[in-house]
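Residue numbers (our numbering): 2 to 157.
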């Protein structure tokens, strides 16, 4: 759910690899080396993927940043509200989850990170906005799973 996972990485990798899909990457080398029609294109594609501000480098840096800036406060804002619980109970978890994915995407955190790197504003937003959404979503996902198992148990 982190913003780095909103970036269409698979599509970009396919572009670097001449349109080849995930199923063609069957070894560590094939997963990590971007193709090119000639030596210059091979180097360019790999630099755009692995180099400074490259797609994978940026992705890994963002994820590492999230892990390092989370201060693990009590996250009191991460407790699902009665309305959240009712929404999941009445409309299902998928609808709730997709709403949260859209909320995270609208924050444009990954875009901001790509432009400016880790800033104090982004660290604050991670702790006070992003992490409560993620924690709440995981909690409600577990709750929805429990309800589903209980319903299946009572039917049998």
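Where a beta carbon is used, it is the ideal one built from N, C-alpha and C, also for glycine.
Per DSSP, the continuous alpha helix (DSSP H) segment holding residue 45 begins and ends at 40-51. Residue 135 sits buried, since 16 or more C-beta atoms from the chains shown fall within 10 Å of its C-beta.
Per DSSP, reduced to three states, the secondary structure at residue 99 is helical. Residue 127 is classed as buried because its beta carbon has at least 16 other beta carbons within 10 Å across all chains shown.
With contacts defined by Cβ atoms closer than 9 Å, residue 120 and residue 63 do not form a contacting pair.
Between residue 98 and residue 138, the alpha-carbon positions lie close to 7 Å from each other.
Membership of residue 148 in the alpha helix (DSSP H) is indicated by the continuous run 132-156. Judged by DSSP secondary structure, residue 11 falls within the alpha helix (DSSP H) whose first and last residues are 10-17.
Segment contact: the region 80-93 against the region 139-149, three or more CB-CB distances shorter than 8 Å; contact assigned. Contact annotation: residue 35 and residue 81 have beta-carbon atoms that are not nearer than 9 Å. By the neighbour-count criterion, in which a residue is buried when 16 or more other Cβ atoms sit within 10 angstroms of its Cβ, residue 105 is buried.
DSSP places residue 113 in the uninterrupted alpha helix (DSSP H) bounded by 110-117.
Counting the other CB atoms within 10 Å of its CB gives residue 123 a total of 16 or more, which places it among the buried residues. Judged by DSSP secondary structure, residue 56 falls within the alpha helix (DSSP H) whose first and last residues are 56-70.
Distance from the CA atom of residue 96 to the CA atom of residue 143, rounded to whole angstroms, is 15 Å.
Looking at 46, 84 and 66, the one whose alpha-carbon comes closest to that of residue 115 is 66.
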